[in-house]
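Chemist: Below you will find the structure I want to go over with you.
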Amino acid sequence: MAAASISRLQILSSSPSPIKIIKRSSAFLSKIPPIHNHYHHRSRKFHTTLCCSTSTPSRILENGSIVGDLLDYLNESWTQFHATAEAKRQLIDAGFDLLNENEEWELKPGGRYFFTRNMSCLVAFAIGEKYSVGNGFHVIAAHTDSPCLKLKPRSASSKSSYLMVNVQTYGGGLWHTWFDRDLSVAGRVIVRGSDGSFLHKLVKIKRPLLRIPTLAIHLDRTVNKDGFKPNLETHLIPLLATKSEEGSSETKEKNTESSKAVHHPLLMQVLSDELSCSIDDIVSIELNVCDTQPSCLGGGNNEFIFSGRLDNLASSYCALRALIDSCESSSDLSNDTAVRMIALFDNEEVGSGSVQGAGAPTMFQAMKRIAVCLARNNVNEGAIERAIRQSFLVSADMAHGVHPNFMEKHEEHHRPEMQKGLVIKHNANQRYATSGVTAFLFKEVGKIHNLPSQEFVVRNDMGCGSTIGPILASGTGIRTVDCGIPQLSMHSVREICAKEDVDIAYKYFKAFYQNFSSIDKKLESLHWKVSSSARIAVPDSPGLAVELSSLASHSVGLCNSSASIAKTQTSDALSCLHSIRLKRESSQGTRTHIPVKIVAVRQPSLQHLQS
């Protein structure tokens, strides 16, 4: 307990103020000596917010830092269910109204709302007071799940006088890191109520309950040379307890019952004690195996966060707090014309193909319902489609920081470092949804507030991971940028990132909500459209003309050498534009076609034709 308490006291700010330990009731903690920073010759002050599901994280930021509250969130959120429940609690405390997807919604400009799905997916939004139908949504999306072990539907098994718990792997975890850890279980159960109803309840066994022991090196002499290669079906089974001595008939009966049970009676007894109900009242369980070590700060200067589930709860929490804090005051939404939104999905680690995953139309359905509700049954043609086209999505998922011992695994010119800001992810094969335009717009947000960013591209000789960005972009047609906080040990039971990058991400996301509308307006929309009085910029050369042809095979118009276009047959004539050719007329009357490339087409004129 002492060691755990000390680790939780490591939540500290980067303030150069003199060190100060806040005394608690424990006599032991009051005797902890000050820890001096010998690297920068300054001391630090400890933040003592501890994980507690009934306490509200401090909303008073130390130098704008949310790191202390993030550690609370991580320690509370052992599973995707707990992460969603904690986000729900914080939204309610901040004044957001809970909606039900099964009921009609009553929304209004300036309102703040959210709903959950499956207790593991959450969508929250704040409507600008100047919102009108057809305006866009500014969304930050992340996911609540992480690679872990999950109990099988029939988890009870026995081997060599041990009670074992059968598990299945979830996602692409670094499974060797789960060996020799103090593990326990947490998740969702369905309990029968006294009135015969069924209730969803969350459970978390905080004490070490399970362990996956490694084989001693004396019995595996070549493990350091050949590598540790466990069989995930036979070697990755946690120990729960030893079997009782088969003495009395009562003990034999219990052991027989355990061998026939779906789950060990001992495990069910632990759960029932935690839930204060009888074993018979627990009708269903959905449990993850979790590491019990608390999240904490570490490193010589306490600049790192050591924790499980950083991928992707760190992004989820930064998005959550950015939304809450960006509309904390009644005046924060007074001039906003858009809808600010977060979407936290489940099952990203296994492809997002579920009702609570990003592959479901949850976000699009929410956008449609918001637009229709605010239109008051007066939805004009294309209102939803126009809103999507004006929207912007930030897909926030942790990024691969360069590993000092494996630098060659990164492309030479794209090696993100910790403590140097958010990473914008690019991939030509669309494993990330970032484009040149979306990267530019997102970086402009950071420039306004002097927030740093980095860029990542995977090596050509390596495979590339993906995110929910391409799924949402292709499913809804929304402009998307993929970004993330750099980290090491991704998908390990214990990961690492820099606390400074967490604060940068939070500030970046908050600035996105506050400033993106004005930035987006500065970039003219690209359309395949020309008005009857449009002009085309072409090289000024005698005898140079422009011929425009479309897929519909109708002539749009001809330009003379001054590039003044003739009156078009239709204002939408270029909506199906196929090609543009420059025609040079020689003195002998012959014509030469010069192909050109359209760089950009802006409304209401066509510009920038490049030969």
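Residue numbers for the sequence shown follow the working numbering, beginning at 1350 and rising by one. Each residue gets a CB set at the ideal place from its N, CA and C atoms; glycine is no exception. Since the structure is predicted, the reported quantities are computational estimates derived from the model, not experimental observations.
#1: Give me the residue from V1482, S1625, E1677 and R1670 with the minimum Cα distance to M1716.
#2: Can you list, in chain order, the residues of its chain with a C-beta nearer than 6 Å to that of L1588? Leave out the 5 residues immediately preceding and following it.
#3: Note down, in chain order, each residue of its chain lying with its Cβ closer than 6 Å to the Cβ of T1563, except the 5 sequence neighbours on either side.
#4: Between the segment 1507-1524 and the segment 1680-1692, do three or more beta carbon pairs fall short of 8 Å?
#5: Check for me: the beta strand (DSSP E) holding I1539 runs from which residue to which?
#6: Across which residues does DSSP place Y1511 in a beta bridge pair?
#7: State buried or exposed for V1611, treating a residue as buried only when at least 16 other CB atoms are found within 10 Å of its CB.
#8: Starting from I1441 and walking both ways along the alpha helix (DSSP H), at which residues does that stretch end?
#9: Just how far apart, CA to CA, sit Y1480 and A1732?
#10: Per DSSP, Y1666 forms a beta bridge with which residues?
#11: Between which two residues does the alpha helix (DSSP H) carrying F1865 extend?
#12: M1767 to I1631, Cα distance in whole Å?
#13: Out of R1738, V1704, L1500 and I1673, which has the shortest C-alpha to C-alpha gap to S1633?
#14: Using the Cα positions of N1778 and L1456, report the straight-line distance between them to the nearest angstrom.
#15: Look at the alpha carbon of A1687 and the alpha carbon of A1432, and state the distance between them as a whole number of angstroms.
#16: I need the straight-line Cα distance from A1860 to E1478, nearest angstrom please.
#17: Measure the alpha-carbon distance for A1745 versus M1617 and round it to whole angstroms.
#18: If we ignore side chains and look at the alpha-carbon of each, how far apart do D1418 and S1533 end up?
#19: How about the segment 1717-1736 and the segment 1777-1792: do they share at least three Cβ pairs that are nearer than 8 Å?
#20: Counting C-beta neighbours from all protein chains within 10 Å, is the total for T1493 16 or more, i.e. buried, or is it exposed?
#21: Identify the continuous beta strand (DSSP E) that holds F1486 and give its terminal residues.
#22: Using the beta-carbon count (16 or more within 10 Å), is F1547 buried or exposed?
#23: For G1826 and A1565, I'd like the C-alpha separation in whole angstroms.
#24: Would you mind working out which of L1440, T1428 and L1448 sits nearest L1498, comparing C-alpha positions?
#25: Is it the case that the Cβ atoms of S1504 and V1514 are separated by a distance below 9 Å?
#26: For P1835 and P1765, which I take to be in contact (beta-carbon distance under 8 Å), what is that distance rounded to the nearest angstrom?
#27: Near Y1343, what residues of its chain come up, given a Cβ to Cβ distance below 6 Å and the 5 sequence neighbours on each side ignored?
#28: Give me whichever residues DSSP pairs with R1466 in a beta bridge.
#29: Evaluate H1762 with the Cβ neighbour count: other Cβ atoms within 10 Å of its Cβ, from every protein chain shown; 16 or more gives buried, anything less gives exposed.
#30: Figure out for me which residue from R1466, D1660 and H1840 has the closest Cα to the Cα of G1706.
#31: Between which two residues does the beta strand (DSSP E) carrying N1449 extend?
#32: Mind checking which residues open and close the beta strand (DSSP E) that includes D1831?
#33: Tell me whether H1549 is buried or exposed, calling it buried when 16 or more other Cβ atoms sit within 10 Å of its Cβ.
#34: Using C-beta distances below 6 Å, list every residue in its chain close to D1831, excluding the 5 sequence neighbours before and after it, in chain order.
#35: Examine chain C for any beta-carbon lying closer than 9 Å to the beta-carbon of M1767, and answer yes or no.
Modeler: The answer reads as follows:
#1: V1482
#2: Y1511 and R1560
#3: F1528 and D1529
#4: no
#5: L1532 to R1541
#6: K1508 and T1591
#7: exposed
#8: Q1429 to D1442
#9: 13 Å
#10: Answer is none; Y1666 lacks a bridge partner.
#11: K1848 to K1871
#12: 45 Å
#13: L1500
#14: 40 Å
#15: 27 Å
#16: 18 Å
#17: 38 Å
#18: 23 Å
#19: no
#20: buried
#21: F1486 to H1492
#22: exposed
#23: 54 Å
#24: T1428
#25: yes
#26: 4 Å
#27: Not covered by the structure: residue 1343. The range shown for the chain is 1350 to 1960.
#28: C1470
#29: exposed
#30: R1466
#31: No beta strand (DSSP E) contains N1449, which DSSP labels as neither H nor E.
#32: R1828 to G1833
#33: exposed
#34: S1744, K1774, Y1781, A1782, T1783, T1816 and G1818
#35: The structure shown contains no chain C; it is built from a single protein chain.
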